Each structure stands twice: as structure tokens, then as C-alpha cells.
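Shown next, in C-alpha cells, is the structure this report addresses.
2 protein chains.
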Amino acid sequence: MSKFWNEKVKNIEAYIPGEQPKDKKYIKLNTNENPYPPSEKTMEAMRNAVNGDLKLYPDPTCSDLIKKIAEFYNADEDEVFIGNGSDEILAFSFMAFFSKDKKILFPDISYTFYKVYAELLDLNYELVKVDDNFNIPLEKFRTQNGGIVIPNPNAPTAKFIDTNNLINIVEANSENVVIIDEAYVDFGGESMVKYTKKYDNLLVVQTFSKSRSLAGLRVGFAIGNKDLIEGLNKIKNSINSYTIDRIALAGASAAIDDKEYFEITRNKIINTRIKAIARLEEMGFIVLDSKANFIFARHKEAKGEFLYKELKDYGILVRYFNKERINNYLRITIGTDEEMEILIKKLDAILKQKDN
Amino acid sequence: MSKFWNEKVKNIEAYIPGEQPKDKKYIKLNTNENPYPPSEKTMEAMRNAVNGDLKLYPDPTCSDLIKKIAEFYNADEDEVFIGNGSDEILAFSFMAFFSKDKKILFPDISYTFYKVYAELLDLNYELVKVDDNFNIPLEKFRTQNGGIVIPNPNAPTAKFIDTNNLINIVEANSENVVIIDEAYVDFGGESMVKYTKKYDNLLVVQTFSKSRSLAGLRVGFAIGNKDLIEGLNKIKNSINSYTIDRIALAGASAAIDDKEYFEITRNKIINTRIKAIARLEEMGFIVLDSKANFIFARHKEAKGEFLYKELKDYGILVRYFNKERINNYLRITIGTDEEMEILIKKLDAILKQKDN
Chain X
0 MSKFWNEKVK
10 NIEAYIPGEQ
20 PKDKKYIKLN
30 TNENPYPPSE
40 KTMEAMRNAV
50 NGDLKLYPDP
60 TCSDLIKKIA
70 EFYNADEDEV
80 FIGNGSDEIL
90 AFSFMAFFSK
100 DKKILFPDIS
110 YTFYKVYAEL
120 LDLNYELVKV
130 DDNFNIPLEK
140 FRTQNGGIVI
150 PNPNAPTAKF
160 IDTNNLINIV
170 EANSENVVII
180 DEAYVDFGGE
190 SMVKYTKKYD
200 NLLVVQTFSK
210 SRSLAGLRVG
220 FAIGNKDLIE
230 GLNKIKNSIN
240 SYTIDRIALA
250 GASAAIDDKE
260 YFEITRNKII
270 NTRIKAIARL
280 EEMGFIVLDS
290 KANFIFARHK
300 EAKGEFLYKE
310 LKDYGILVRY
320 FNKERINNYL
330 RITIGTDEEM
340 EILIKKLDAI
350 LKQKDN
Chain U
0 MSKFWNEKVK
10 NIEAYIPGEQ
20 PKDKKYIKLN
30 TNENPYPPSE
40 KTMEAMRNAV
50 NGDLKLYPDP
60 TCSDLIKKIA
70 EFYNADEDEV
80 FIGNGSDEIL
90 AFSFMAFFSK
100 DKKILFPDIS
110 YTFYKVYAEL
120 LDLNYELVKV
130 DDNFNIPLEK
140 FRTQNGGIVI
150 PNPNAPTAKF
160 IDTNNLINIV
170 EANSENVVII
180 DEAYVDFGGE
190 SMVKYTKKYD
200 NLLVVQTFSK
210 SRSLAGLRVG
220 FAIGNKDLIE
230 GLNKIKNSIN
240 SYTIDRIALA
250 GASAAIDDKE
260 YFEITRNKII
270 NTRIKAIARL
280 EEMGFIVLDS
290 KANFIFARHK
300 EAKGEFLYKE
310 LKDYGILVRY
320 FNKERINNYL
330 RITIGTDEEM
340 EILIKKLDAI
350 LKQKDN
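Residue numbers (numbering that gives the first Met the number 0), protein chains in the order written: chain X, 0 to 355; chain U, 0 to 355.
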């Protein structure tokens, strides 16, 4: 605590990202990264961008990258916003579209950063309680509110909501912005991007960190009505004119171009997930249905915290939340087939050892 | 204007960065970039960072880069903060240390982003009028306020304030934070970093965009008392856990290591500046004393806007502010000797043509 902190900072509880221990090399299944590296074409584009032009500011409008994304998603260029990771875009959205006088709604078991943004900005919010099966009670979102944020698939549950159900929510909230956070949508979900032309209150946020293997590059994007995009640009240009560096612009553009690699790697992850879920279920795990690059699972008998610690000792990191209702679950990122095999064998050994 | 914008966004006047026209190749002397590319060692480090690890999030604590900066500036590691450009750090500082109930002070002719931050955050501020010679009236800052922001050297004037005078201000503001924005300090100024150990209310902000030739990479840093740094981290971690990508971390670390290149290039720029000022003065320009990588100059007879437009037509970009008190001035970035020679010859031709 410092006398120089304002009231806001004194009371803030910041977001805590998944641990990144440096003591040894882990099999990292704890922060939902892609197990496959960026494509060779993407890396070549980045290496080419390492040149003398780095002395110059990047394009503050990100126009080349926006053009690629607009083409890929069949949007207009003024319907695309680029941010330093989707987290920055979410923060800017909270700054641009939500007000103190009306409540914003998001699920209680969800990405915990939403609450942090609301607290930072002194916004009223309601954590809408998911049911015992971690289903989001959609009817509670079908009223006019101050704003809605729904991740789809949800994190950490990996559960997916049909777009039809989300359209109902978007329609019922015609007077406020509905943000669908699609960080994980490419692993089997269906994107709402195609509805952004129809609904001027719908903002879809995605990222290059998951399905495009570029967590280390910090690029996210949003697609929505041009007025929403203009609002985001007004916030961005009141904080930092140049948020995306030259190499990141080049890498993200190349990643969008390389459709083949994107399809191959996301399909691999989906297949690995299907196999891993079957194996874990055989071993007595309850695994929630997943459309993401991670699964949310608990064992019928063994405690989540115990399994998390045993795995960590062995050199496998998964995410454990010491939090009511989910403190028996593990959130496990889908790695390669080989990584999942090691995980499963180790879990099997832990469970057998425990029984003896 | 959109019905989805909150009151804040409706009223915002965002910062407008220097123009980046794409119609042709310009000699770019308008956004205070370094005319020299990053060093070969820096570029090699970035090329090496283009590897499969980009699938993984970067280190959210930027610990390796912080270590390098701490060593270079003789600070402790918990006295260093890294941001996505110094603009982001300034924005976070306004969010962390200033409150609505007390006025913050900065010069009226100065970096216009300060006003944008204050407006975005609904803060009270006073633009302290610089005198007719663009001197900042230091006595006006020597009272307890809600906060102080002074760029040193100032932009766009390039004028430098002696650190002794700034220390007086820091001491007189013991109850609030004094931010010294040293984006341009390496071109002949003296840094206040060494006083951050003594004064717990002093925050010094610097950038890799100018003296380290990395405007395209987006890295800035702040040095101050660990409580101030902790406050900045609280804000950062409430907006975006990972603001600096892996390649930027590698490049910035290597740039700090390459002391020789840093010394050579900044000295070249200082020497070019001295020569350019002498030549411009011979041609009838009034040039303010500069400790930056740019100069602020007006011609005794020719109008600033006229010169700006003539130069642009010819393919040379300088910065012109159509703003009271400075609308006869040009802000000219110091380029290479060759670039300055072209500028000076062209200015000479424009002035002679005008006389005929």
C-alpha cells in the first residue's frame, strides 16, 4: 500500500494468470496455449519483419492486418478492431460501452477478468449463477441490461452455447452491447461473427493466442458494427496510438493467410481432445462436454487439488482453481497426443498409487 | 456517434499521431523516430526469438528485460516497470496515481496526450502556460498538487530543464506523484533516474522508441520507488496480463546490452542536430535550444504552414501544429546527415523561390 495510490488502485484485485514457473521444464497444460508452433510461413513473415524499418512506428491503424481479417471473416474493414491480445479489447470494450448506471451481466463461473474490468471501472455488475451442470441460465440474460459478456465456449468449463440461443440474447438486448468472447471458438464451436452485420449491438472478440498458435505475439481482434469499432478506436487512441508492433502485424497477417495450417492444427487438437476425454472417462473422470482446446474435469474420488499437486511434482502443469463449486476440477489444456499420453499415464499411476 | 457509446466515449477527443501517408516514400522527419536502424545484435536477438515458443505466452513479469534495465540504470528490479510504449505507461500512471479531487498540472505547450489521459479519466487538470520563449514557469509547479507531469526535454519545443530545478518541484510535491517524461532525454539531457531512490514520489518514464531505434517494437519503461511500480502493475494486471510480446522482450533486452551502438547513434544524432541548427539559423530560422532528437523552429519571414506544405509536396514530412502560439513553427526530427542536407537544400530553394 502506498500513499500515492488512488482509491481505485488501493482496492483493486488484479487478475492472476496461470502460473509460469521457471524452476524446471514442464509439460504445460495450464494456460490453454496451442501445443503446435506457429506455421513456418508465419515465422518467415516475422523474420522478414525484423529489419531496419523497426526504427519507424508501426501502422497505428493496422490496415493490412485488418484487411486480411475482414476478408477471412467476410466483414468490412471498418468492422474490425485489433488489440494487444483479446484482453486489451475486452478492457477497451468495458471502457467504451458500459456505464455506471446500468448493470452488466456475466456468468459467475467464467473468465475472471470480466469482474476485474468491472471493478477497475467502477461498473455495476451481476454474476449470473450457472447451474450445477455449469449451464449458463440463458433466460436471465434475455432482458435489457447495461451490457452482457458471455464467453463461448465458456472458460474454464469449455461448454458451448448454440448460436440460436445467443441470438435470442442479442435480440433481447437491443439497447446495449452484447460481447461474445470467442477466444476458443475455433475448436469446434460456431462463431457469431456472421451475425454482426445484422445486429448492431453484437461485438465478437477473438484472439490469435489459441487457434493460431501465437500467444507469445499478443494480437486479438473484434468484429462488430462500425460504430462499435469506432468506439473502441476512440478508447485506444486515448491510451496508446500504436498498440501492435511491426513484427506482430506481420506475423498475424501471415497466420490468417495460412488457412491450411490453421485447419490442420485445430483439427489435430479436436481429435486429441476426443481421445483424451474417452481415456479420462475410463479412468473415472467426469469430463464436461468441450468445444475448446481444454477440458474441465473432476475425478469421482480423487480430489482436484491432490491431482494438481501430484502432477506438478511430476512436471505436468494443469490449472487448478481453489474456488467454491469448482475446487474439485482441473482445467487441462489439450496438448499433443504425446503430451496427453504422458498426462494420462501419470494420472493413472497417481490414482492406482492412491488406492494402495 | 452511436447509442452504444457511453458518455465518456461520446465526448472523447483522442490523440492524433503524426501523419503516416502511404502515397509515396517520404523523408520522414515528422514523428521523432531514430534515423538509424536497430543494431545488428538487436535484430539478431529478435530473429532468434521467432521460434516455436511463440505458441506460449510471454513472461508476464518481463523479468529478464527488467533485470537488464535495472542493471543499466542502477535500479532495483522492483523499481522498474515495462509497458507497451511509454504512452501506455503514462496512461496507467494517470489511472494509478491521480484522483478526481485534486488538480494535476502539466505545461500547456507539451505532449498533447497528457490532456487526453486526463479527459479520458475525468481528472481535473491545469494547463500551465509556458512563457513567450516556451519556458515552463517552474514556480507554478512548486506547490502541493494532485500530480505533475513534465516532459524533459519538452515536446514539441525540445527545451530541457536542469535537474536541479526539477528536484525543487519533486520536493515541493512530496504528497503527490511527479512524472518526468524522458522520452528524449538520451539526446543531451540529464536523466532524473538517479533521484528515484531518494524521492518516493518521482516516476521517470522512458522509451525504446527514440534513442534505441525501436519505435516499431512498442516498449517503454518507468523507474521509480517500488510502491509506484507496484501501483502500475496493479493497473496493468487489471487490463492485460501480457502486454509485451516475446520478440519485443528479446529485442529490447538486446538493445540495452548493445551500449556501444546506443552511444554511437545518439552521438551521431546530437552532432547532426548541432550542424543542422547552425545551417538553419544562417537561413533565417529561429531555432529553440534542443536537447532532443528534433528541433522546433520558425522562419523569420516564411510561414510555418507554407513551409510544411512545400516540403510535403517535395517528399519531406515535418510536423506542423495548427495551434495557437506554435502555428508558425515546424517540429523537425533530426535525420541522418544526408537527410538533413536534403531538407536544408530544399528549404533554401523554397525560401529563395518565395523571394523572387
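Every residue gets a Cβ at the ideal spot worked out from N, C-alpha and C, and that includes glycine.
Please read these numbers as outputs of a predicted model, since none were measured by experiment.
Take the Cβ of residue i as the centre, count every other Cβ of all protein chains shown within 10 Å, and call the residue buried at 16 or more, exposed below.
i, result
"N47(U)", "exposed"
"K302(U)", "exposed"
"I179(X)", "buried"
"I333(U)", "buried"
"T142(X)", "exposed"
"M0(X)", "exposed"
"G51(U)", "exposed"
"N131(U)", "Checking the displayed sequence, the identity of residue 131(U) turns out to be Asp instead of Asn. Burial call: exposed."
"P155(U)", "buried"
"I243(U)", "buried"
"K322(X)", "exposed"
"A95(U)", "buried"
"N239(X)", "buried"
"K258(X)", "exposed"
"I263(U)", "exposed"
"R324(U)", "exposed"
"N326(U)", "exposed"
"A348(U)", "exposed"
So, are the CB atoms of residue i and residue j less than 8 Å apart?
i, j, result
"N151(U)", "F159(U)", "yes"
"V286(X)", "I273(X)", "no"
"G145(U)", "I88(U)", "no"
"K209(X)", "N29(X)", "no"
"L126(X)", "I149(X)", "no"
"I147(U)", "V129(U)", "no"
"F186(U)", "I255(U)", "no"
Near residue i, what residues of its chain come up, given a Cβ to Cβ distance below 8 Å and the 5 sequence neighbours on each side ignored?
i, result
"N134(X)", "K158"
"D226(U)", "D199"
"D63(U)", "L248, S252"
"D288(U)", "A157, K158, F159"
Ordered along the chain, which non-local residues of its own chain (more than five positions away) have a Cβ less than 6 Å from that of residue i?
i, result
"L216(U)", "A247, G250"
"H298(U)", "G283, F284"
"F93(X)", "Y116, L120"
"R278(X)", "I343"
"D336(X)", "T271"
Specify, as a first and last residue, the run of the beta strand (DSSP E) that residue i falls within.
i, result
"E281(U)", "It is not in any beta strand (DSSP E) - E281(U) instead sits in the alpha helix (DSSP H) that spans 258–281."
"V286(X)", "284–286"
"F220(U)", "219–223"
"T332(U)", "328–332"
Going by the DSSP bridge assignment, what does residue i pair with across the sheet?
i, result
"I178(U)", "V148(U), L202(U)"
"P106(X)", "V127(X)"
"I315(U)", "I26(U)"
Can you find the residues in the same chain that come closer than 7 Å, C-beta to C-beta, to residue i, ignoring five residues on each side of it along the sequence?
i, result
"T206(U)", "G84, S85, A182, G219"
"Y313(U)", "K345"
"I65(X)", "E76, V79, I81"
"K99(U)", "D121, L122, N123"
"Y56(X)", "Y241"
"E189(U)", "T162"
"Y72(X)", "V192, I222"
"P36(U)", "S212"
"G17(X)", "N29, T30, R318"
"E300(X)", "G283"
Tell me the residue span of the alpha helix (DSSP H) that contains residue i.
i, result
"A296(U)", "Run containing A296(U): none in the alpha helix (DSSP H); it sits in the beta strand (DSSP E), 293–298."
"I81(U)", "It is not in any alpha helix (DSSP H) - I81(U) instead sits in the beta strand (DSSP E) that spans 79–82."
"I343(U)", "336–354"
"S62(X)", "62–72"
"T381(X)", "The requested residue 381(X) is not part of the displayed model; chain X covers only 0 to 355."
"L119(X)", "112–119"
"T142(X)", "Counting along the chain, T142(X) falls outside any alpha helix (DSSP H), and DSSP gives it neither H nor E."
"T162(X)", "162–171"
"V8(X)", "6–10"
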